[in-house]
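Residue numbers (my numbering): 146 to 263.
Don't be surprised by glycine CBs; every beta carbon is placed ideally from N, CA and C.
Just so we're clear, the structure is a prediction, and the values are computed from it rather than from any experiment.
Structure first, then comments.
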């Protein structure tokens, strides 16, 4: 697949499901088989699913925070919109082992990406 993710200080993988060709293509296949927490990378598919299903009107719809703490992560308790999700470190997650049942790309997703700072 080439070397699309060569960035100093960053390691990552990319897996592409080609349903018509009935195959998976991967950059750094060994790393793609490792298990990682999805962390904030889930904001991207959640935003897209919300837009596609109509649960979210557009990227400017605001979801008001009720003022009650949900998590201890600094900055997590705030009003958000899908446009804000795009700018809030959505594409990267810290490398972490997780007890997933299978590699993330084995779940039937068309595209799954991860990138981690080292």
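Asked                                                                                       : Found
Proximity winner among 154, 159, 193, 194, relative to residue 175 (alpha-carbon distances) : 159
Whether residue 170 touches residue 179 by CB criterion (8 Å)                               : no
Residue range of the alpha helix (DSSP H) that includes residue 177                         : 174-177
DSSP three-state assignment for residue 165, whether helix, strand or coil                  : helix
Among 165, 173, 161, 194, nearest to residue 155 - alpha-carbon criterion                   : 173
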